[in-house]
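Written out below as structure tokens is the structure these notes cover.
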Amino acid sequence: MSAPVLLVIAHGSRDPRHAATVHALVRRVRSLRPDVRVETGFLDFNVPSVRGVLESLETEGVRDVVALPLLLTRAFHAKADIPAVLADAPPRLRIRQAEVLGPSPLLLSALERRLYEAGLTPADKSSTGVVLASAGSSDPEAIAVIAEIAREWRHTGWCAVRPAFASASLPRTEDAVRELRELGCARVAVAPYVLAPGFLPDRIARGAAGADVLADVLGPSPEVARVLLERYDEARTPVLAAVGA
């Protein structure tokens, strides 16, 4: 029996860098698991749409799909938008929605990779304060997860780690940078906890003007691709069990 199709569901953006980054990540996933068919659908702004991809798969005779939200936290899109789109899918498709990517130790590794690529070294950790800058959400669960990630990351040796948000929540990136300065960290780095460039990541970058280091977005890093496949494997087992039942 062939493996379920992996449908990566991205938010979409008017910024062309967003879709380009999503496609680069999907290419890395395909290279890691050539036995798995991977498709990409967007909720808004970009094509193909999630609905369009699902209809095409159904027409081809595909029956089993794992729909994976390309999201770092379980907020509105994961709880409402994506389930609504999947509920409207062709009825002959058996679809299981995978969990969002975060939190994961691999994502922390990806964040550190980006910081080191931006100029830090492991020897800098104890004297560097880090702003964990996320897009933000009005969902309390998502905000609590970001705060918990910051607490856990602090225990790996950084001088301090503070969460910040580009929208919907406080503090902003610039406020967290200032707090770390006042705390006495020798240097301050901003680590965007976002997957692709766009409007809110650009806001994070502007807020990082007072920092010493600004890391790149997570993008198509190998750690993100591995988390994506972990979520796929976690979700596909019940699909296959149901098929064999």
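Note that our numbering has the sequence shown beginning at 1141, numbered continuously upward. Beta carbons: idealized from backbone N, C-alpha and C, even for Gly.
- Counting C-beta pairs with one atom in each stretch, the region 1254-1265 and the region 1274-1289 have fewer than three that are closer than 8 Å, which means they do not touch.
- According to the DSSP assignment, P1230 belongs to no alpha helix (DSSP H), since it is labelled neither H nor E.
- With respect to V1205, L1233 sits close: the two C-beta atoms are nearer than 7 Å.
- Between the alpha carbons of R1167 and G1324 lies a gap of roughly 42 Å.
- In the pairwise beta carbon analysis, the region 1288-1303 is classified as not touching the region 1352-1372: fewer than three pairs are separated by under 8 Å.
- DSSP places E1239 outside both helix and strand once states are collapsed to three, so it counts as coil.
- The straight-line gap separating the alpha-carbon atoms of L1335 and V1240 is approximately 12 Å.
- Spanning the alpha carbons of D1184 and L1212 requires a straight line of approximately 18 Å.
- The distance from the Cβ of I1149 to that of V1190 is about 6 Å, consistent with a contact at the 8 Å cut-off.
- For V1202, there is no enclosing beta strand (DSSP E), since its DSSP letter is neither H nor E.
- DSSP places V1328 in no alpha helix (DSSP H) but in the uninterrupted beta strand (DSSP E) bounded by R1327 to P1332.
- In the DSSP annotation of this structure, the continuous segment of the alpha helix (DSSP H) that includes P1156 starts and ends at P1156 to L1172.
- Per DSSP, G1347 lies in no beta strand (DSSP E); the unbroken alpha helix (DSSP H) holding it starts and ends at F1339 to G1347.
- DSSP lists A1150 and S1189 as the bridge partner or partners of F1182.
- With contact defined as three or more Cβ pairs closer than 8 Å, the region 1306-1324 and the region 1348-1355 are in contact.
- Counting other Cβ atoms within 10 Å of its Cβ, S1142 stays below 16 and is therefore classed as exposed.
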